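**Student:**
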Amino acid sequence: MDKRAIAALIDAHPPRTALDRAFYTDADIYERDISEIYLKSWLYAGHGSEIPAVGDWFLFELAGESVIIIRSSEDKIHALLNVCRHRGSKICLENRGRDRKLICRYHAWAYDLDGRLRGAAHMGEDFDKSGISLKNIHTEVLEGMIYVNFADQPAPFKPVRDALTECLRPYRLDAARVAHRQTYPINANWKLSVENYTECYHCVPSHPEYSRGHSLAKPEARSAKLMQEVMSRALTCGLSDKAVNRIYLDSEGFGADYAYERYPLWRGHITGSEDGQPVAPLMGDIKDYDGGTTDFQVGPVCFALAYCDYVVIYRFTPVSLHKSECDISWLVNGDAVEGEDFDKDRLVWLWDVTTAADKRIIEYNAEGVSSRYYEPGPLSEMEDYTWKYLSWYLQTIRP
Amino acid sequence: MDKRAIAALIDAHPPRTALDRAFYTDADIYERDISEIYLKSWLYAGHGSEIPAVGDWFLFELAGESVIIIRSSEDKIHALLNVCRHRGSKICLENRGRDRKLICRYHAWAYDLDGRLRGAAHMGEDFDKSGISLKNIHTEVLEGMIYVNFADQPAPFKPVRDALTECLRPYRLDAARVAHRQTYPINANWKLSVENYTECYHCVPSHPEYSRGHSLAKPEARSAKLMQEVMSRALTCGLSDKAVNRIYLDSEGFGADYAYERYPLWRGHITGSEDGQPVAPLMGDIKDYDGGTTDFQVGPVCFALAYCDYVVIYRFTPVSLHKSECDISWLVNGDAVEGEDFDKDRLVWLWDVTTAADKRIIEYNAEGVSSRYYEPGPLSEMEDYTWKYLSWYLQTIRP
Amino acid sequence: MDKRAIAALIDAHPPRTALDRAFYTDADIYERDISEIYLKSWLYAGHGSEIPAVGDWFLFELAGESVIIIRSSEDKIHALLNVCRHRGSKICLENRGRDRKLICRYHAWAYDLDGRLRGAAHMGEDFDKSGISLKNIHTEVLEGMIYVNFADQPAPFKPVRDALTECLRPYRLDAARVAHRQTYPINANWKLSVENYTECYHCVPSHPEYSRGHSLAKPEARSAKLMQEVMSRALTCGLSDKAVNRIYLDSEGFGADYAYERYPLWRGHITGSEDGQPVAPLMGDIKDYDGGTTDFQVGPVCFALAYCDYVVIYRFTPVSLHKSECDISWLVNGDAVEGEDFDKDRLVWLWDVTTAADKRIIEYNAEGVSSRYYEPGPLSEMEDYTWKYLSWYLQTIRP
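Protein chains in written order, with the numbering used here: chain A, 1 to 399; chain B, 1001 to 1399; chain C, 2001 to 2399.
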C-alpha cells in the first residue's frame, strides 16, 4: 500500500473503532510500524541482574534486529548492534554468554565490551580501527530495569525516571532478580497482541483465573470504599498511592510514555496467584500486603504489574508481519531462593495461564481480521485505553 | 501483474492451449480468481444430514474465509461469516459443533443462530444491537445438498434446481447421509486441481483402478450399443436418461453452472469399486443396477459422481496461491448402517486411491509450470471440457 | 526495487567493500541474479560416470528449474528441460534413473532420450509431433565433467577446454568416478555462499581442520622456497606447474571463466585429509605425491580442488531468495573400490567438516546482513578474489 493510500485510510478511520484489515496484513504498513514505532521507542530489554558480571551479555531480538545487552564495567551497560562491521555477520550466536572480547566467528574481528574494534587481521597499513565500533544504541537503567532505544536522538528518558522512581522505589527493583523469563510466540501481527493487553473487556470471558482476584476485570463492581481502604493501607505498607499517566498522545516525548496506578484486588486476594495468597517474600521495603496491586508502563509496548511479592514485566515485539512475541519476566527479591523462599511453578502460574489464553484468543483474532468481510466494530467502554493506543498508533504511522 | 498486463496476456492466449505460467504463480491474478470466481459462484458447502439438529453447525473454509453453516430452525439453514462484528475475532473455532447461541470467546459478544447480535456488555446506552448481525451469505438446498454464494446478488439458483431436481430425485439425496468426508490438501494452485478433474485424458496413464470400470477413460472403445443398453436399463431401474449441460460460457447465470449425464460402465462393473460390485445398498428409489453411472456438476468447481449405491461429491477450493484443497463427501442411503450395510473402506477405496494419485500428479504439474521455460502446449481431443473451463476462466478474470 | 534504483545502488558502491543489504534481500535483484548469471553461465552438472549406460539420467535442479542430464548414446549427453510440452508437468520425478523413453506420468506423452516427442495419444490428425521436443540446453564435457548452460547462445566453451585440458589431464578425470556426492542446503542468499568460497580470510578462525594442511590459510607464512620445492616435484610427479586465471571481468566469454593453480600444502601434508596422508590411490597418471594441491574453476560459481589422490568439485546454486545449495562431488580413480582402495568416511572427512562449518557461518552472515543497521565494511587483503567476484557481479546485474 503506498503512502497516499495509507494516509487516506487513516484519515477515514472512524473514532473508537477497531483497526481496518490492512493494518494487520499490509507489508508496507508493517515496515512503518517498525521504523516509526519500534525503532524510535523506549523498549524494555531486560534486568541488570541478568548480567551481574563484567562481560555478561544477553540478546534482545525483534523484527530481524539483534542487540547485545552487555555489562562493560560494574556500572555501565551497553546495547550493541549484533552485526560485524566487516561483512555483517552476527557476532553473538547464543541467547546469553560471558566474554572478555566480542569476537566475530567468521573472520575473527574482535571488539571491546563497549563495541570498539580492537583486532582485525590482514587489513593493510592504512586501515584505521579507531573509527570503527559496533553501533551503540541508547540505554537507560531505571530501578535495575534496562530500557533501550534505537533512535539516533530518542526522546529524553528523564521524565520517565522523574515520574516513576519514587513510586517504584519501595519494590527495590534495583536489588531484585529475574526468577523466570519466558517468550511466548504469537502467530499474529504485533498490534493484536498489544491491543489485547490494553483492555480488560476480555478478562471475564477469557481469564477466569485473573478475574477471580483483580478488580480491573469488573470495574462496575468496584466500590469507592474498597479503593479507599486499599489506598490507606498502601501508605501504611510503605507503598505509593500516586497515580501518573502520560501515555500515547499525552506522553512527554515520543515513545517515552509512562504510567503508574495502584488499584484494589478483591477481598481475600493479596497478590496475583492461584489462591490469592503470597507466592514469594515481600519485595524490597514493603512492610505488608495492602490488598492492592500496581500497573505500570514504560514506553508504548512495555507494561508491568507490581504485586507486593513479585513484579511481572511484559514486552510485546514484532517478529514479522504475522508473528509477534510476548516476553515476560517474573522478578522477586534478589535474595529470595527458589525452592526455599518461593516455588517457581506457583510464582508463574497466573501469568503463564493467562498469557497462554491470550495467545490463543489473539491468534483467533488474527484469523478473523484477515477475512475480506471483516468490518472493524465499535469499541466498548472498557476499551478506552485501547482507543488511546490506537489513536496514537494511527497518528504515528501516518505518512 | 497489473490489470493491463493481465488483460494483454489473456488477449494473446491461443485457443485450445494450456494456461501460461503467470496464471499459476502471480499473486494479483490469484486475488482476481478469488474475487471474480470464488466469491461469486455457487459452491457446495456440505449436506443437510451433517447438521440434523437446530444449533448444529460446521465450518466451510476457503482462501482465508471461514463460514459457519448452521441450522437455525428445522427447515432453515444459514451461512454466517465467522468474524465477530466487534474486533473481528473468529467465533466458531472447531470444525463442527452444536450451540444455542454463537458466543465470541474474546469479549463474549453473543449471536442468535441466524446471526443477529443478542448480547454485548459495556457498550453504553446509545448502542443499538438491532442493526448488527453476522454477515449472512446466500444459501440454497438442492436435494439435501447445501450450496452457498458470497455474492451480494448471486445468479439465481432456480435454473439449477429446475434442471437437476427430476434427474437426481431417484437417488433421494435429501434422505441420504454422509458416510465419510475427507479433505485432501494439494500443493498446487487451485486451477491445476480443477483442470485435472475436467479431463479423463490422464485416466489411462494415471488411474488404472478407475479405468478398469469407467468407459470415460477410453471413449474410443465405447460402442453406441453399450450406451443404448445401459440407457434402456436405466429407465427400467427408475433412473433418468436425460442429459443437460449448461456450464461455463453456456451457463444460465454466472457461477450457476449445471450438468447431468449418464454413461456406461464397462461390462462386469455395476458401480465404482475395486471389483465393480456394490459397496452399499441401492440408493433411494433405484430398483436395480443398470450398468451405468452419472456425472453431475453444480457451479464451476463442484462436481459429483452418482452410482446406484453411493454418490461422491467433489469440491475444489484455493487455500493460497500455491495451495488448494479437494474436499470429498461419500453419501449413502440415510438408513444404511456402517459395518452392516456397507464397509467404509470398500466404499471409499476407489475415489480415495484415485484422489491420492491426482494429488501427486497435480503437484508435479505445479512444479513443471513454475519453470521459466514452460511453454503451454496444445490440448488433446480428450480435453474439450478443460478448454471449456479455461475459456470461461480467462474471460471471467479478464480485467 | 526497480531498475533505476538497482543501477543507482550499484553506481554508488564503494570499491573493495562488501555488498549492501538489498543485494541479499530484494526479490527483484534475485530475479536478475537468476536471469543474468545462472541462466547464462556454464555450470557443473555432474560427471559422466554417474550415467554410464544409455538411458541413464540424473536431475540438476536450481532456482525452480529442473534439468534432465541424460546419456542418449554412448558418446552423447543431453541436458533436457524437465517440463512436458503438453501441460507442463515435471517428467522425471526421482533424482536419478534409467529409461528407454521419457514418459510423462500425467498424460503419457513419450519422448526419446534426446528429447524428441515420440508419442502423444488423442491429439488429432493434424498434430505434428516432429516440431516438438523437450528443450535442450547446451552441454559440454571436459575430462568427464559435464557442464551445461541455459543461454540460447552461450559464450564458447572452447577457451576453457583449451586452457584446462592439458593441466587436468594427469588426473584422468575422464576415467574417474564419483565416490560420494552430497548437497548441503544453506539458509542464505546464494551470494553469501559464493563469497564464503572465494576467500580464505575466514580459514584460520573457522576451519582449523583445513588450516592445518593448506598454505592458502596463512599466505604470510608461505615461503618462496616451499613453493619452488613443490613445483619442481610436481613436474617429476607428472603434474602441471602451469597457472591460468581468466575469471570474472577477465574471462574470455561471459560465464566461461577458468582458472588453474597449484600451491603447496604444509610440510607433512601430502593431501587434504584428517592427518594429511592419502585417502585414496593416486589419480590417473600421477606418479607420486608432490606435497601440493590444485584449485581450479570453471564458470563463475563452480570450483574444484584436485589433490593427488582425489578431486572435490563444488557448485553453488540458488534455491530461492534466502536459500541456496552447495553441491559437492568427491571423485576418485574409476577403478578404486570402496572399502578396499579407500575408506569413504576418511575420503570425505575434510570437506564435509569444512562445509558444515561454512554452512553455519554463512547462515549467521545472512542473519547479520538482514539488519537495517548493517553497513557493508572494507574487505581485507585476503579478499582479493572476493572483490574480483563482487565487481563482476555488480557489473553483470546492473540494468
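Ideal placement from N, C-alpha and C gives every residue a C-beta, glycine not left out. Since the model is a prediction, treat every value here as computed from it, not as a measurement.
What does a CB cutoff of less than 8 Å around S1370 (chain B) pick up in its chain, not counting 5 residues either side in sequence?
**Tutor:** In the second sequence, residue 1370 (chain B) corresponds to position 370, counting from 1. Once the five neighbours on either side are set aside, the close Cβ partners of S1370 (chain B) are R1021, Y1024, T1025.
**Student:** From the DSSP output, which residues share a beta bridge with K1076 (chain B)?
**Tutor:** As a working mapping, residue 1076 (chain B) is identified with position 76 in the second sequence. The secondary-structure analysis by DSSP pairs K1076 (chain B) across a beta bridge with B:S1073.
**Student:** Using DSSP's beta-bridge definition, name the partner residues of D1056 (chain B).
**Tutor:** As a position in the second sequence, residue 1056 (chain B) is number 56, starting the count at 1. According to DSSP, D1056 (chain B) bridges with B:R1098.
**Student:** On the CB-based measure, 16 or more other CB atoms within 10 Å of its CB, does P1015 (chain B) come out buried or exposed?
**Tutor:** Locating residue 1015 (chain B) in the second sequence gives position 15, where the first residue counts as 1. Classification of P1015 (chain B): exposed, given that the 10 Å Cβ count is below 16.
**Student:** Against chain B, which members of the segment 264-285 of chain A pass a CB distance test of less than 8 Å?
**Tutor:** none
**Student:** With DSSP run on the structure shown, which of helix, strand or coil describes V2337 (chain C)?
**Tutor:** Translated into the one-based positions of the third sequence, residue 2337 (chain C) becomes position 337. If DSSP states are grouped into helix, strand and coil, V2337 (chain C) belongs with coil.
**Student:** Please confirm if G2377 (chain C) has its CB atom under 7 Å from at least one CB of chain A.
**Tutor:** To locate residue 2377 (chain C), count along the third sequence from 1; it is residue 377. Chain A, which has a Cβ nearer than 7 Å to the Cβ of G2377 (chain C), makes this yes.
**Student:** Rounded to whole angstroms, how far is the Cβ of G299 (chain A) from the Cβ of D257 (chain A), which I believe are closer than 8 Å?
**Tutor:** Residue mapping note: residue 299 (chain A) aligns to position 299 of the first sequence, counting from 1. Residue mapping note: residue 257 (chain A) aligns to position 257 of the first sequence, counting from 1. Confirmed, Cβ separation roughly 6 Å.
**Student:** By the criterion of Cβ-Cβ separation under 7 Å, what are the contact partners of L81 (chain A) in chain C?
**Tutor:** By one-based count along the first sequence, residue 81 (chain A) stands at place 81. Per Cβ cutoff of 7 Å: S2371, Y2373.
**Student:** What residues in the segment 1088-1104 of chain B have a beta carbon less than 9 Å from any beta carbon of chain D?
**Tutor:** As a matter of chain content, chain D is missing from the structure shown, whose protein chains are A, B and C.
**Student:** Taking C-beta pairs closer than 8 Å, name the residues in chain C that E65 (chain A) reaches, listed in chain order.
**Tutor:** Along the first sequence, read from residue 1 onward, the residue named residue 65 (chain A) stands at position 65. Residues of chain C passing the Cβ test: S2371, R2372, Y2373.
**Student:** Alpha helix (DSSP H) containing S211 (chain A): first to last residue?
**Tutor:** As a position in the first sequence, residue 211 (chain A) is number 211, starting the count at 1. Its alpha helix (DSSP H) spans residues 208-211.
**Student:** Hey, N1149 (chain B) and W1042 (chain B): beta-carbon distance below 7 Å or not?
**Tutor:** In the second sequence, the residue the question calls residue 1149 (chain B) occupies position 149. In the second sequence, the residue the question calls residue 1042 (chain B) occupies position 42. Yes. Within cutoff.
**Student:** Decide yes or no for the touch test of the segment 1381-1393 of chain B against the segment 2352-2361 of chain C: beta carbon pairs closer than 8 Å, at least 3 of them.
**Tutor:** no
**Student:** What number of angstroms, rounded off, separates the C-alpha of H180 (chain A) from the C-alpha of L216 (chain A)?
**Tutor:** Here residue 180 (chain A) corresponds to residue number 180 of the first sequence, with the count starting at 1. Here residue 216 (chain A) corresponds to residue number 216 of the first sequence, with the count starting at 1. Distance between the alpha carbons of H180 (chain A) and L216 (chain A): 25 Å.
**Student:** Under a three-way DSSP split, which group does S380 (chain A) fall into?
**Tutor:** Within the first sequence, the letter at position 380 stands for residue 380 (chain A). S380 (chain A): coil per DSSP, three-state reduction.
**Student:** Taking 7 Å as the cut-off, decide whether the C-beta atoms of T1294 (chain B) and R1262 (chain B) are in contact.
**Tutor:** Taking the first residue of the second sequence as position 1, residue 1294 (chain B) is located at position 294. Taking the first residue of the second sequence as position 1, residue 1262 (chain B) is located at position 262. Yes, Cβ-Cβ distance for T1294 (chain B) and R1262 (chain B) is below 7 Å.
**Student:** Assuming A2306 (chain C) and N2189 (chain C) are in contact, meaning their beta carbons sit under 8 Å apart, how far apart are those beta carbons, in whole angstroms?
**Tutor:** In the third sequence, counting from the first residue as 1, residue 2306 (chain C) sits at position 306. In the third sequence, counting from the first residue as 1, residue 2189 (chain C) sits at position 189. Contact annotation, A2306 (chain C) with N2189 (chain C): C-beta distance approximately 29 Å; criterion of less than 8 Å not satisfied.
**Student:** Give the single residue among A:V204, A:Y210, A:E143 whose Cα lies nearest to the Cα of R177 (chain A).
**Tutor:** To locate residue 177 (chain A), count along the first sequence from 1; it is residue 177. Here the closest residue by C-alpha is A:E143.
**Student:** Using the rule of at least 16 other Cβ atoms within 10 Å of the residue's Cβ for burial, across every protein chain shown, is A2234 (chain C) buried or exposed?
**Tutor:** By one-based count along the third sequence, residue 2234 (chain C) stands at place 234. Counting Cβ neighbours within 10 Å, A2234 (chain C) comes out buried, since at least 16 surround it.
**Student:** May I ask you to report which of helix, strand or coil DSSP gives E375 (chain A)?
**Tutor:** In the first sequence, counting from the first residue as 1, residue 375 (chain A) sits at position 375. Note: E375 (chain A) maps to coil in three-state DSSP.
**Student:** Assign T1271 (chain B) to buried or exposed, taking buried as 16 or more other Cβ atoms, counted over all protein chains shown, within 10 Å of its Cβ.
**Tutor:** Walking along the second sequence from the start, residue 1271 (chain B) turns up at place 271. Buried is the call here.
**Student:** For the segment 1234-1261 of chain B, list every residue whose C-beta sits within 9 Å of some C-beta in chain C, in sequence order.
**Tutor:** none
**Student:** Do P318 (chain A) and I6 (chain A) count as a contact pair if the criterion is CB distance below 7 Å?
**Tutor:** Within the first sequence, residue 6 (chain A) is the residue found at index 6, counting from 1. Within the first sequence, residue 318 (chain A) is the residue found at index 318, counting from 1. P318 (chain A) sits away from I6 (chain A), with the two beta carbons spaced by 7 Å or more.
**Student:** Nearest CA to the CA of E220 (chain A): which residue from A:E229, A:E209, A:V204, A:G334?
**Tutor:** Locating residue 220 (chain A) in the first sequence gives position 220, counting from the first residue. For the residues A:E229, A:E209, A:V204, A:G334, the minimum Cα distance to E220 (chain A) belongs to A:V204.
**Student:** May I have the straight-line CA-CA distance separating R267 (chain A) from A175 (chain A), to the nearest angstrom?
**Tutor:** One-based indexing of the first sequence puts residue 267 (chain A) at position 267. One-based indexing of the first sequence puts residue 175 (chain A) at position 175. Taking the straight line joining both Cα atoms gives about 30 Å.
**Student:** Return the residues of the segment 114-125 of chain A that lie within a Cβ-Cβ distance of less than 8 Å from chain C, sorted by chain order.
**Tutor:** A120, A121, H122, M123, G124
**Student:** Indicate whether the contact test is met: 3 or more Cβ pairs, each with one atom in the segment 2193-2202 of chain C and one in the segment 2149-2164 of chain C, closer than 8 Å.
**Tutor:** no
**Student:** Can you pull the DSSP bridge partners for I137 (chain A)?
**Tutor:** On the first sequence, residue 137 (chain A) is found 137 positions in, with the first residue counted as 1. Paired residue(s): A:A79.
**Student:** So with Cβ pairs under 7 Å, would you call P205 (chain A) a contact of chain B?
**Tutor:** Within the first sequence, the letter at position 205 stands for residue 205 (chain A). Yes - at least one Cβ of chain B is within 7 Å of the one on P205 (chain A).
**Student:** Can you confirm whether the segment 2025-2034 of chain C touches the segment 89-106 of chain A when touching is taken to mean that 3 or more C-beta pairs between the two stretches lie within less than 8 Å?
**Tutor:** Taking 8 Å as the limit for Cβ pairs, the verdict is that the segment 2025-2034 of chain C does not touch the segment 89-106 of chain A.
**Student:** Taking the alpha carbon of W2351 (chain C) as the point to measure from, which residue in C:G2238, C:Y2184, C:Q2297, C:P2281 has its own alpha carbon closest?
**Tutor:** Working through the third sequence from its first residue, we reach residue 2351 (chain C) at position 351. Residue C:Y2184 is the option with its Cα nearest to W2351 (chain C).
**Student:** Any Cβ of chain B within less than 7 Å of the Cβ of A18 (chain A)?
**Tutor:** For this step, residue 18 (chain A) is matched to residue 18 along the first sequence. Yes, A18 (chain A) counts as interfacial toward chain B.
**Student:** Which residue from A:W349, A:S130, A:R246 puts its Cα closest to that of G276 (chain A)?
**Tutor:** The count along the first sequence starts at 1 and reaches residue 276 (chain A) at position 276. By alpha-carbon distance to G276 (chain A), the top candidate from A:W349, A:S130, A:R246 is A:W349.
**Student:** In chain order, what residues of the same chain have a beta carbon less than 8 Å from the beta carbon of G255 (chain A), not counting five sequence neighbours either side?
**Tutor:** What you label residue 255 (chain A) is simply residue 255 of the first sequence in a count that begins at 1. If we look at G255 (chain A) and ignore the five residues flanking it on each side, its Cβ neighbours are I37, K40, S41, W42, N149, A151, P154, A155, G299, P300.
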